[in-house]
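Colleague: Taken in order, these protein sequences are the chains called A and V. If you count by the UniProt record's numbering, then the first sequence holds residues 1 to 175, one letter each, in order. If you count by the UniProt record's numbering, then the second sequence holds residues 1 to 175, one letter each, in order. For glycine and all other residues, C-beta sits at the position ideal for the given N, C-alpha and C. Handing you this structure, nothing more for now.
2 protein chains.
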Amino acid sequence: MTTRWLTPKEQRAWRAYMAATNLLEDAIDRQLQQDAGMPHLYYGILANLSEEPERKLRMTDLAQKAKITRSRLTYAVTRLEKDGLIRREDCQWDKRSSFAILTDEGMAVLERTAPGHVETVRAAVFDHLSDEQVEQLEEISSVITRALEGDESAPHPPSDKLPWRRRSSSPCSGS
Amino acid sequence: MTTRWLTPKEQRAWRAYMAATNLLEDAIDRQLQQDAGMPHLYYGILANLSEEPERKLRMTDLAQKAKITRSRLTYAVTRLEKDGLIRREDCQWDKRSSFAILTDEGMAVLERTAPGHVETVRAAVFDHLSDEQVEQLEEISSVITRALEGDESAPHPPSDKLPWRRRSSSPCSGS
DNA sequence: GACGCTTGGTTAAAGTTTGAAACAAACCTA
DNA sequence: TAGGTTTGTTTCAAACTTTAACCAAGCGTC
Chain A
1 MTTRWLTPKE
11 QRAWRAYMAA
21 TNLLEDAIDR
31 QLQQDAGMPH
41 LYYGILANLS
51 EEPERKLRMT
61 DLAQKAKITR
71 SRLTYAVTRL
81 EKDGLIRRED
91 CQWDKRSSFA
101 ILTDEGMAVL
111 ERTAPGHVET
121 VRAAVFDHLS
131 DEQVEQLEEI
141 SSVITRALEG
151 DESAPHPPSD
161 KLPWRRRSSS
171 PCSGS
Chain V
1 MTTRWLTPKE
11 QRAWRAYMAA
21 TNLLEDAIDR
31 QLQQDAGMPH
41 LYYGILANLS
51 EEPERKLRMT
61 DLAQKAKITR
71 SRLTYAVTRL
81 EKDGLIRRED
91 CQWDKRSSFA
101 ILTDEGMAVL
111 ERTAPGHVET
121 VRAAVFDHLS
131 DEQVEQLEEI
141 SSVITRALEG
151 DESAPHPPSD
161 KLPWRRRSSS
171 PCSGS
């Protein structure tokens, strides 16, 4: 089958998109590293926990919510635990499971740094988009997500790798 | 100053965007690792070189084009050089500079794997977007890029770090 | 109740990224 | 033209990610 190359217009859009995401991810990582002493992914883990009723989540559930691998989460939680922002607790019912729990200190860090984070996102994105563009962004993003999540053709990751996975996500709900 | 949290609409857009980019990055990385034996970033470096008249670019220019740090580029080029896909060459005029040059083998790898890559991008993105949406995506991306590149307020990275630069993500929408 | 499969979580090793510092060549400028 | 600064690149250590095991607890079954 002959390749359906991208049209010039699609190419321009693709390049612009890649450039923007690279710059954005970097800016956010830098800001959070600066102000919160952790990369965006770690901030996202704390944020995810903060949204839970008891600020706790089983490791696997947390990994799914944050869309990262379990091993990556293990590493991150170990670090955050050392920092005193999270603590682990064994599950009573299922002795295999363990919870990650956001400590008061972790919550405090989140509350202290959320404003700066939001400000960064605003300054980079939403302060420059019209109302319609915000809608367009959501719609386009949703289309892409659907295309990728609906895709069961992808050879199912051996075991650790979740089918969708990764990089961070996670909002500071609370705030 | 009181924090200007994201509106519900902005939050939705932000989360959708983050989810999409996470999934997309992952899908592309997996596909390229599979078919070309390298992550997207490395493929991008080869692709950038292939567009040059002589398939060569000074390290710094390449870093800027690919929007990555110079140290990251050094590492990547070292690896690609080992693989025989790129070779270095010293610059005559400015003896501090060095070029990265795409070898014939590198070009061959690119040509062999480009169709699969394009197909992945199409399947995930462009096959599902209308003509207007492609335009919107470019426009929105450009706005973000301008916001981040034009920003000279950011405390200029000591040295290595470019003012804009890269990687992961995930914010706390305002909530 | 032993065998086998699945699930929750961690670990180890190899690969990659970061951030700061080191170097050397090129560029002022007095 | 000596001395100081900027520019182009690399290096190094520490932090992080990935992949592929690995272990132990639950689950089902014969």
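Looking only at its own chain, which residues have a Cβ that is under 7 angstroms from the Cβ of arginine 87 of chain A, when we skip the five neighbours before and after it?
Modeller: Within the same chain, arginine 87 of chain A has close Cβ partners Glu81, Ile101 and Thr103.
Colleague: If you follow the alpha helix (DSSP H) that lysine 56 of chain A is in, where does it begin and where does it stop?
Modeller: No alpha helix (DSSP H) holds lysine 56 of chain A; the beta strand (DSSP E) holding it covers 56 to 58.
Colleague: Taking the alpha-carbon positions, what's the serine 144 of chain A to leucine 41 of chain V distance?
Modeller: Correcting the residue identity first, residue 144 of chain A is isoleucine in this sequence and not serine. Their Cα atoms are separated by approximately 20 angstroms.
Colleague: Tell me whether the region 34 to 50 of chain A and the region 61 to 71 of chain A touch, counting them as touching only if at least three CB pairs, one residue from each stretch, are closer than 8 angstroms.
Modeller: With a cut-off of 8 angstroms, the region 61 to 71 of chain A and the region 34 to 50 of chain A count as touching, because enough Cβ pairs lie within range.
Colleague: Suppose contacts are defined by Cβ-Cβ distances below 8 angstroms. Is serine 141 of chain V in contact with alanine 20 of chain A by that definition?
Modeller: The answer is yes: Cβ separation under 8 angstroms.
Colleague: Would you mind working out which of A/Arg58, A/Leu129 and A/Val118 sits nearest arginine 96 of chain A, comparing C-alpha positions?
Modeller: For arginine 96 of chain A, the nearest C-alpha among the options comes from A/Arg58.
Colleague: Are the beta-carbon atoms belonging to glutamate 135 of chain V and valine 134 of chain A less than 8 angstroms from one another?
Modeller: Contact: no.
Colleague: Are the C-beta of proline 115 of chain A and some C-beta of chain V separated by less than 8 angstroms?
Modeller: For proline 115 of chain A, the answer is yes, since a Cβ of chain V falls inside 8 angstroms of its Cβ.
Colleague: Give a yes or no on whether 8 angstroms exceeds the smallest Cβ distance from leucine 23 of chain A to chain V.
Modeller: For leucine 23 of chain A, the answer is yes, since a Cβ of chain V falls inside 8 angstroms of its Cβ.
Colleague: Beta-carbon within less than 7 angstroms of residue 181 of chain A's beta-carbon, same chain only, minus the 5 sequence neighbours each way: which residues are those?
Modeller: In the structure displayed, chain A extends from 1 to 175; residue 181 of chain A sits before or after that span and is not available.
Colleague: Mapping DSSP to helix, strand and coil, what is tyrosine 17 of chain V?
Modeller: Three-state DSSP puts tyrosine 17 of chain V in a helix.
Colleague: Starting from leucine 102 of chain A, follow the beta strand (DSSP E) in both directions and report where the run begins and ends.
Modeller: Where leucine 102 of chain A is concerned, the enclosing beta strand (DSSP E) stretches over 98 to 102.
Colleague: Give, in chain order, every unbroken run of the beta strand (DSSP E) that is at least 3 residues long and sits entirely within the UniProt domain "HTH marR-type" (10 to 149) of chain V.
Modeller: Segments of the beta strand (DSSP E) lying fully in the UniProt domain "HTH marR-type" (10 to 149) of chain V: 56 to 58, 86 to 90 and 98 to 102.
Colleague: Is the beta carbon of tyrosine 43 of chain V sitting closer than 8 angstroms to the one on histidine 117 of chain V?
Modeller: Contact: yes.
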